[in-house]
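Contents: one structure, followed by commentary.
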């Protein structure tokens with residue numbers, strides 16, 4: 006059967022109206038023998054050997070519409086200006102300008118074996134849609150090389166819904182087709198409320214920690230950014246890279262905090278400089294060498310556990326993206342982000358178990374809520390009550406020490 010998907014892109018793709026791009030993709034299809042295939046009704050028939058190949062064909066429609074010439078937000082700006090100055094709302098000399106623009110609608114056609122069972126049809130249809138979007142993303146990406154329009158690459162996650170139609174391959178019309186609507190990515194809801202008192206307290210805590218030098222908030226921010234790239238933008242490559250950044254910040258900072266805590270009795274940077282010396286290997290080497298003696302647990306990437314999952318599903322994938330330009334799939338990206346989350350929980354759990362050896366590191370990375378959840382708060386609170394410990398100074402002291410270490414590397 007032939008499957009047609011119609012999607013309206015959130016950003017215009019500056020291709021001439023009626024432009025068609027087609028390509029074959031992996032997979033075989035049967036049942037098209039004797040049927041003439043052509044990209045457009047006016048085009049010549051495709052070679053007969055393509056009748057068994059799965060293909061995707063895209064046609065770009067440009068629908069004219071009036072649009073604002075950039076979102077100036079004049080209403081909000083003038084309202085705040087009036088509130089600040091006490092002066093009446095200024096009246097713009099001219100209304101926000103509009104221009105004649107266009108909305109790009111893409112007609113995406115692919116072929117699917119007709120013997121798909123009713124039960125598996127939704128998955129089959131979704132796979133066909135993903136196949137079409139992979140080709141559309143390629144066209145969108147390469148268009149940016151020709152015209153730098155500043156818009157992101159077209160992806161499924163940017164489109165609220167798609168219309169779909171299924172028909173027999175020998176049919177030239179949609180008279181006997183079946184179809185419907187697919188809800189893909191609902192548009193982001195407008196912000197209707199501000200942070201409450203409890204959320205403001207958490208925000209203040211995060212800001213204080215990050216301004217004092219906490220690495221945990223920086224790592225979590227990269228993790229949030231990874232989810233945004235995946236779920237909002239459909240930018241799987243950047244999602245994986247930011248998930249890898251999150252994990253690397255956690256690993257690097259946890260080790261550095263432990264090294265800082267180890268040298269408190271005899272202040273020095275020499276041991277840390279030796280550990281982070283890249284001539285002895287990078288992060289992967291340090292993971293094998295430095296963490297297990299300090300935190301226990303399985304840190305060998307060749308053995309089953311969170312570190313192996315991180316190594317296989319995230320670290321290696323990140324390397325393929327960065328060094329080969331590989332474009333990960335949605336499933337690969339989801340597995341990579343999950344591996345990053347799993348590694349973070351593993352590090353937290355190991356720190357909670359080693360709180361007696363590394364109380365400052367555990368307190369700085371986990372805080373009271375994390376230690377209560379993971380079972381290390383009693384030992385940590387005992388450390389705080391003994392001696393003249395000032396946790397508010399720890400991040401600043403660590404940051405100053407880490408700066409000296411980095412300067413020597």
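Residue numbers (my numbering): 6 to 414. Glycine residues also receive a C-beta, built at the ideal position from the N, C-alpha and C atoms. For clarity, every value in this text was computed on a predicted model and none was experimentally measured.
- Taking the Cα positions, residue 338 is about 10 Å away from residue 323.
- In the structure shown, the three-state DSSP call for residue 84 is helix.
- DSSP, reduced to helix, strand and coil, places residue 392 outside both helices and strands of the structure shown, so it counts as coil.
- Minimum Cα-Cα distance from residue 343 among the listed residues 156, 276, 312, 332 corresponds to 312.
- Apart from the 5 residues on each side of it in sequence, residue 349 sits with its Cβ closer than 8 Å to the Cβ of 224, 228, 251, 252, 255 in its chain, given in chain order.
- Of the residues assessed, residue 181 falls on the exposed side of the cut-off, its CB having fewer than 16 other CB atoms within 10 angstroms.
- Here residue 161 carries a helix assignment [DSSP, helix/strand/coil].
- As the crow flies, the alpha-carbon of residue 60 is around 42 Å from that of residue 196.
- Here residue 177 is exposed, its C-beta having fewer than 16 other C-beta atoms within 10 Å.
- Here residue 64 is near residue 25, since their CB atoms are less than 8 Å apart.
- Here the region 158 to 165 lies against the region 140 to 149, with 3 or more beta-carbon pairs under 8 Å apart.
- Per DSSP, reduced to three states, the secondary structure at residue 71 is strand.
- Sequence-distant partners of residue 289 (beyond 5 residues in either direction) whose C-beta falls short of 8 Å from its own C-beta, in its chain, are 306, 316, 320.
- Residue 262 is not a Cβ neighbour of residue 129, given a cutoff of 8 Å.
- In the structure shown, residue 338 falls within a helical segment according to DSSP collapsed to helix, strand and coil.
- Each residue's CA atom was taken as its position, placing residue 264 and residue 276 some 8 Å apart.
- Setting aside the 5 residues that flank it on each side, residue 234 is surrounded in the same chain by 240, 243, 244, 247, each with a C-beta closer than 7 Å to its C-beta; the list follows chain order.
- Residue environment: residue 345 is assigned as buried (16 or more neighbouring CB atoms within 10 Å of its CB, all protein chains considered).
- Note on geometry: alpha-carbon atoms of residue 406 and residue 274 lie some 7 Å from one another.
- With 16 or more other Cβ atoms from the protein chains shown falling within 10 Å of its own Cβ, residue 354 counts as buried.
- Residue 327 counts as exposed, since fewer than 16 other C-beta atoms from the protein chains shown sit within 10 angstroms of its C-beta.
- Between the region 377 to 387 and the region 398 to 413, the count of C-beta pairs closer than 8 Å stays below three; the two stretches do not touch.
- Under DSSP, residue 114 takes part in a beta bridge, and its partners are 9, 62.
- Proximity of the region 395 to 402 to the region 291 to 300 falls short of the contact definition, fewer than three beta-carbon pairs being nearer than 8 Å.
- Distance from residue 10 to residue 134 at the Cβ level is roughly 6 Å; contact confirmed, criterion being Cβ atoms closer than 8 Å.
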